[in-house]
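> Protein chains in written order, with our numbering: chain A, 9 to 264; chain B, 9 to 264; chain C, 9 to 264; chain D, 9 to 264; chain E, 9 to 264; chain F, 9 to 264; chain G, 9 to 264; chain H, 9 to 264.
Idealized CB from N, CA, C, for every residue including glycine.
In this text, all values refer to a predicted model and were calculated from it rather than measured experimentally.
Structure below.
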């Protein structure tokens with residue numbers, strides 16, 4: 009359908025203005041454009057890309073592999089890149105049976121339908137982790153950014169207990185455009201980075217830790233209470249959400 | 009002191025490279041540049057503007073009016089805009105006795121030393137509140153943004169229980185460059201706004217509410233768990249922090 | 009036994025009044041009427057239908073399949089519809105061995121003994137979910153309502169991050185008699201629906217989410233703190249309880 | 009303005025259909041109808057009564073007396089009954105200076121502008137409290153119900169530790185149409201009442217208690233986990249919200 | 009050893025007083041009496057029965073079957089009844105291999121070494137449960153009481169949502185000497201029973217429930233905040249602890 | 009009224025049995041006996057003494073001085089000892105204006121109407137505190153026990169950090185009949201005492217502490233998790249509740 | 009009394025060994041030595057200095073000024089340095105009336121009776137704070153250390169958001185013998201310091217912060233979960249406790 | 009490499025001072041010295057031993073066996089003792105395949121590469137546990153101390169409910185240099201020990217317990233609120249961290 013893009017939408021509206029299309033039939037087109045009922049379990053939001061600049065992303069938990077595959081198929085006609093997050097390997101294998109062309113990023117637990125060569129956009133997201141155990145969350149962020157077409161700079165295992173490891177990478181922080189800082193345990197890394205960086209900092213607490221880490225709550229609280237002001241925090245283990253915010257920031261640069 | 013700017017700093021480093029200044033005396037200059045001991049209670053971080061693009065901001069609670077005034081005086085030589093947050097009216101009056109030229113923004117509880125006409129920068133932050141009681145937090149954000157030189161679009165009292173009030177302002181959201189969404193109680197407004205906006209969204213939970221709102225915890229959790237992905241959350245009632253992140257994002261546009 | 013109905017009860021009381029039955033023997037009949045010891049583990053509350061209009065419903069967890077089957081058998085003589093909630097598929101299979109005529113609603117995890125055609129009553133409950141992952145809870149509500157004889161309108165996957173999906177269904181909300189709104193994550197959907205609807209709204213938080221959703225606590229708090237006043241909240245994942253309240257409301261209409 | 013009623017609205021829409029009013033000017037009327045900007049701090053939602061059957065109610069905390077008075081004045085033209093909740097006595101006195109005709113219900117902490125004789129509607133809400141200390145919350149519910157035109161049956165101090173006090177009032181429970189049960193401490197009263205009543209039960213936890221009552225959290229949890237299914241719970245101390253739900257239920261009877 | 013009883017201990021002390029035994033060798037005897045090292049993992053407290061009237065009881069979790077069996081063997085010479093709590097069936101089977109004469113109470117998950125006929129003592133503990141799912145905890149209490157030689161009255165499934173089930177058993181409560189009341193979910197049963205009973209009431213919260221029951225926390229809070237004063241509460245699911253307190257109370261009667 | 013005692017009640021029932029009093033008029037007498045409406049705010053539970061052996065006790069918070077005085081007057085005809093807890097000094101002074109004969113125990117914050125010489129009963133409660141700051145709670149327990157006619161042994165400031173202070177009082181613990189152990193901070197005293205005592209132990213956590221004591225929660229948790237089994241715990245600062253349980257235990261001795 | 013010192017105690021024991029003093033009278037002396045009853049509210053633990061190397065310290069909250077003064081007087085004969093913590097200025101003034109020679113350290117809120125020149129011991133404690141608002145807690149630690157005779161190195165306002173302020177003081181950390189690190193908000197400073205220091209690190213969370221700092225809980229959790237292993241944490245705002253541990257460590261050096 | 013020791017480092021710096029090595033190449037050497045990139049997942053911190061006196065220790069959770077083995081190999085050239093904590097038996101077996109010389113301490117779940125005979129250092133750590141179930145945590149501490157070359161005194165199962173077991177070991181506490189006290193449930197043991205000991209006390213809460221022990225939170229809170237001042241607390245189950253602090257304290261003795 010031709011209205012599946014900003015250009016298509018504008019054409020439709022012009023046709024209404026010129027009387028070629030009646031408001032009623034335009035309304036129907038637009039309603040259909042905006043979302044689509046998939047089976048009896050989902051409303052795919054095609055309009056989302058128009059509204060927010062990103063296609064809807066499928067959140068895996070609580071959906072059967074069949075439901076995920078069907079939603080991906082429904083979205084395929086209208087979007088070049090379709091992704092689903094929090095997909096465990098066995099779920100991926102079942103999706104693959106139904107959709108053989110689907111790709112899997114195992115460290116990031118992301119499943120995607122996309123062109124072989126994703127068109128590159130200007131801008132890079134710099135991603136830091138405090139420890140090795142934070143990698144799966146950081147990779148969820150990194151793969152999301154890459155699927156959106158932006159570049160990624162990865163800097164793993166630079167936690168604050170060995171502050172010289174971080175300071176030795178000072179120039180990476182200096183040249184960053186947007187920073188995503190991933191940390192578990194006490195979640196102190198964003199505070200130190202926030203005091204060094206001259207760009208927006210997004211903090212992702214992880215559930216890495218034990219005892220009084222309470223599944224990431226300590227890291228989350230550490231980040232919310234950071235003495236380095238101006239840090240945006242996302243949910244525990246939410247690498248995807250951090251990537252979405254980072255891309256939104258970079259898209260602003262594009263528009264400006 | 010001439011090193012109080014990026015240009016000054018570069019001159020000093022060139023002088024070291026050319027042998028005009030010994031590394032040891034350069035070190036002393038830089039150390040002094042980077043922070044200054046004020047009384048026996050504070051280290052003012054002059055280097056911060058170089059590192060992060062913002063002068064250090066004074067957080068009022070737990071400091072006496074005298075301490076706040078002394079820190080402001082120590083910063084005055086090196087910065088055009090000096091601000092202190094969370095200043096209650098009676099604290100302001102005591103500061104004013106010591107520093108008569110200080111300004112007070114009462115709804116925002118911010119106290120500032122700045123030029124009469126702050127130089128304008130490109131870029132505007134759009135600030136929304138769910139209710140009237142969220143205003144003090146939103147004003148803390150707004151005044152911080154204005155002191156940093158950016159523009160502010162204010163849209164108060166558009167909470168989700170009267171969703172048409174928000175939808176009627178759809179165009180304000182559409183044209184926003186960065187959004188700060190301030191809400192107490194269940195904190196649902198950023199979720200709805202995040203689904204409509206095509207720009208970065210920063211969510212500020214407020215302590216507005218009672219009973220199971222737990223001083224803003226419910227709003228905070230609502231924002232962290234938002235089904236609209238890509239929202240950066242700051243601490244409860246932290247309008248200042250949200251403003252810092254928003255300005256950091258707009259500054260990125262300037263640099264690009 | 010003839011006292012197993014309001015009519016039977018009234019007959020007994022008239023017989024006491026007229027001296028045909030002694031108070032002592034009436035007392036014994038009534039005691040037996042009101043509950044029955046099943047094995048050495050349960051007191052089935054036959055009187056409950058008289059008192060509250062609903063037969064006692066069996067809560068599955070912590071009971072063995074044999075206990076559930078025995079309680080169902082004990083209730084069968086006095087009630088046309090007997091249901092057990094939170095029955096996992098393997099538990100159902102064991103119950104079925106003992107009670108072959110039992111039915112299973114797998115998405116709702118409800119097990120029931122009932123007539124093939126449940127007599128229809130006037131009134132319909134409209135059930136909304138924010139996401140696809142909320143379906144099991146919503147189905148528990150829907151099947152309970154249907155077993156009670158009322159109609160159900162289902163509207164799945166209309167969460168607030170794509171507010172136009174909900175607004176497109178505005179007329180479903182407008183014509184609703186009672187609304188059950190099921191949502192996980194931040195639980196914002198009841199706030200928006202509560203601002204649109206002109207009928208009682210019952211909110212069901214679900215454990216859908218991760219990290220700071222704390223197994224449904226965030227959604228629960230969001231609903232309790234809703235800025236849309238007049239929403240009744242039930243326990244996390246308690247689709248059954250929401251249905252019971254909705255049916256109680258519709259039964260009031262019948263009586264009026 | 010004539011559109012301030014369902015009838016007025018229908019006239020406007022017919023005028024649009026017949027071409028007497030252009031869609032653009034209709035839009036302007038409707039926009040104005042739906043809400044009104046008051047000062048630079050509030051959007052009064054006039055449309056709310058059309059949408060939800062109740063005029064918007066002013067929540068007092070965080071608003072100055074002047075703001076409350078101004079919002080009341082802005083609403084006065086369009087609504088017969090205007091109420092503000094959580095108004096402390098000294099705030100009332102300041103409002104009264106600006107709006108001398110305002111009434112105050114001190115036990116309920118409600119402030120209202122209304123006709124001397126509120127037109128009566130069919131239906132009564134029965135309100136129970138566990139203890140004497142729960143009265144202010146129960147009165148907030150009672151006065152709200154009365155201002156909405158429905159009747160109230162009050163039954164105070166019938167907590168479960170003296171169960172015979174409750175059972176002696178069995179007939180009050182039996183004839184109830186909707187029950188609001190207010191309790192602090194362990195919040196057990198709704199569980200017992202819910203097992204006796206044959207009508208919808210709304211539970212209101214109060215902050216009455218000490219130590220491990222955690223400001224009403226224990227009562228709230230007790231009500232959410234009630235073994236008597238089908239109880240709708242509202243926020244701690246939220247007598248107003250319970251009344252809104254109760255009235256919404258009774259209005260359904262009117263419509264049926 | 010003869011000092012393994014109050015009588016033996018008194019003899020030893022008399023021997024010291026008369027000079028027949030030196031203080032030093034008496035000290036050695038007493039030290040050995042008071043506890044014994046078992047393997048390199050435990051100090052069995054033989055003195056405990058002297059001090060507190062109960063032999064030490066073995067808490068199963070975190071101990072290997074071998075450790076439990078060895079501690080039981082070490083205690084066997086000095087005590088007629090040895091019990092271990094929280095023993096899962098597979099752990100029991102391993103203990104039985106090493107100690108074939110050990111008995112197992114499966115509903116109570118208690119493992120014991122004791123005489124075939126435990127000598128009966130005067131006094132009975134009445135145990136109530138709110139629901140069928142509370143049985144394992146109630147049985148842990150019941151078996152502990154029986155192993156201590158006291159009688160048990162069991163009354164299961166009399167929760168407050170069907171208050172007439174409880175009231176019909178009024179005479180059981182009236183004649184009770186000590187009551188243990190076991191309940192999950194909202195934990196309201198002890199409040200009602202505490203208002204009826206004229207004897208000490210011990211409340212045991214159970215982890216029965218879901219969602220906001222938080223593994224028994226809601227029931228625990230309900231019991232701690234009971235409006236019926238004078239209820240002693242034990243840890244969640246701690247049927248054993250409740251039994252210990254109940255027996256301690258009955259032993260007081262014996263002594264008086 | 010003659011039915012205000014067990015003897016009076018028995019007479020009434022005999023009169024019914026012999027036909028001298030009709031059941032209907034007996035019912036009326038009993039209903040009046042069981043509770044009495046005081047003003048429009050309370051139901052005084054006269055029957056309570058019959059049911060539970062203690063007259064109803066007035067909990068002060070949330071009641072006006074007038075309400076407390078009126079409830080005391082209503083109870084005076086039927087009970088020799090009437091007490092109200094949590095009465096601050098200024099509230100007492102207002103009550104005294106209305107009821108000059110009322111007594112005040114300032115450390116315990118208890119207000120009582122009672123005979124000059126309370127008849128003594130057999131049995132003593134031993135009360136220990138960990139620190140000096142726990143005294144108000146311990147005194148609430150002590151005065152309650154004394155008003156009930158039992159004896160009190162007080163042992164203050166014997167916390168576990170100076171364990172020899174406790175051990176030097178070993179004989180006080182040895183001869184105790186019932187122990188109430190009051191402690192704040194980590195609440196460890198009941199664990200040590202529970203390992204030494206051969207009688208029931210009731211633990212009262214206090215809100216003494218700071219920081220992570222969370223208003224008594226740490227002490228409460230310490231007591232619930234005590235490794236000394238068989239300790240009954242009451243709410244934070246609930247000296248009154250501990251006393252009620254202790255008296256209930258001693259009354260059992262009387263009956264036996 | 010001569011037994012008020014290790015030397016005195018040894019003399020007494022030798023006298024017992026040589027038969028000059030009977031064990032019974034020695035016991036009496038020792039019992040008196042070990043603690044002393046002050047008024048009817050406290051047991052002063054004189055033995056504590058013998059056992060733990062520190063005299064008992066008086067914790068001010070919950071004690072009246074009179075009680076504090078009386079305890080100080082009771083301790084004066086046996087100890088050269090007596091201190092009380094958490095003494096507000098007005099409480100100090102009342103103590104001073106009774107004990108004119110008492111000293112007050114206002115920033116530390118410590119009140120002390122001590123010689124003019126406290127004898128110096130070998131060893132120094134280095135104390136760091138993250139911010140200016142942490143000073144009162146840090147001063148409580150510093151004054152305690154100084155009263156115990158050790159030296160103090162103070163380094164204020166070196167929080168992690170300006171990491172260069174800390175790194176510039178690297179040599180202070182390098183030469184430290186024991187470090188006390190005081191921080192509020194996210195409590196990250198001990199993690200960075202712990203990764204740099206080669207000596208024991210004691211972390212003190214403070215209640216400095218707002219919103220999700222929850223009165224110091226976030227800082228506490230940050231410190232407990234520190235990725236820099238080997239940090240000992242004390243209660244929120246417990247500068248005194250940190251000082252006690254630091255002195256205990258330095259005393260070990262003395263003994264070695 | 010020769011800079012892998014304090015001596016090597018000093019040589020390098022001298023060479024810079026004398027001009028034999030240029031600052032730039034010295035910088036490169038030092039950068040390499042300070043950490044090393046292992047694969048694309050870790051930065052091994054070789055400099056840590058220089059900075060803090062301990063080699064970096066590998067925290068097992070969230071790392072694959074391959075990652076752990078590779079990090080161990082990278083550290084082998086520079087350190088005599090390399091250890092990894094929280095290694096489950098099956099993970100150990102996979103590491104052993106890659107690194108056959110690795111040792112496993114099963115009760116402590118520690119995996120180490122070290123010389124057969126670790127050189128002994130002066131100083132001993134005394135470790136106490138409250139119960140048998142606390143052993144794994146205590147062994148983690150003990151093995152860490154032993155791998156660091158210090159001695160260990162183990163005293164298991166001396167919890168406060170049998171206080172004479174602890175007092176009988178009074179001399180072990182008296183002669184201790186540093187104490188680690190490990191306890192679950194209410195965590196009271198450190199309070200009693202802290203009142204007896206004259207040396208630093210480190211408290212380790214364990215997750216031993218059930219119900220309201222909340223996975224060790226109750227023990228943690230008990231220790232943080234200890235009435236025995238001067239106790240340093242580490243995270244729940246963190247035997248390793250306690251050992252690190254204890255060794256740091258003993259190393260201070262060495263240096264002094």
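Could you please give the first and the last residue of the uninterrupted beta strand (DSSP E) stretch that includes residue 105 of chain A?
Taking the first residue of the first chain as 1, we reach residue 105 of chain A at position 97. Here residue 105 of chain A belongs to no beta strand (DSSP E); instead the alpha helix (DSSP H) covers 97-106.
> Kindly list the residues whose CB is nearer than 7 Å to the CB of residue 35 of chain D, restricted to its own chain and excluding five residues on each side of it in sequence; keep chain order.
Here residue 35 of chain D corresponds to residue number 27 of the fourth chain, with the count starting at 1. Because the pLDDT at residue 35 of chain D is just 49, under 50, the model does not fix this residue reliably, and the value given afterwards should be weighed accordingly. Closer than 7 Å at Cβ, skipping near neighbours: no residue.
> Give, in chain order, every residue of the stretch 197-221 of chain D whose Cβ lies closer than 9 Å to some Cβ of chain C.
202, 203, 204, 205, 206, 207, 208, 209, 210 and 211
> By how many angstroms is the C-alpha of residue 222 of chain B removed from the C-alpha of residue 139 of chain B?
Counting from one through the second chain, the residue named residue 139 of chain B turns up at place 131. Counting from one through the second chain, the residue named residue 222 of chain B turns up at place 214. Pairing residue 139 of chain B with residue 222 of chain B, the inter-Cα distance amounts to about 18 Å.
> Applying a beta-carbon distance threshold of less than 7 Å, which residues of chain D neighbour residue 248 of chain C?
Start at 1 with the first residue of the third chain, and residue 248 of chain C comes out as number 240. Within chain D, the residues near residue 248 of chain C are 237.
> Does the beta carbon of residue 166 of chain D sit closer than 8 Å to a beta carbon anywhere in chain E?
As a working mapping, residue 166 of chain D is identified with position 158 in the fourth chain. Not an interface residue.
> Can you pull out the residues from the stretch 150-177 of chain E whose beta carbon lies closer than 9 Å to at least one beta carbon of chain D?
167, 168, 169, 170, 171, 172, 174 and 175
> I need the boundaries of the beta strand (DSSP E) containing residue 163 of chain H, first residue and last residue.
Translated into positions along the eighth chain, residue 163 of chain H becomes position 155. For residue 163 of chain H, the enclosing beta strand (DSSP E) has its first and last residue at 159-163.
> Consider the Cβ of residue 87 of chain A: report whether some Cβ of chain G lies at a distance smaller than 8 Å.
Along the first chain, read from residue 1 onward, the residue named residue 87 of chain A stands at position 79. Residue contact check for residue 87 of chain A against chain G: no CB pair falls below 8 Å.
> Just to confirm the assignment, what range does the beta strand (DSSP E) spanning residue 213 of chain A have?
Taking the first residue of the first chain as position 1, residue 213 of chain A is located at position 205. Residue range 209-213 is occupied by the beta strand (DSSP E) that includes residue 213 of chain A.
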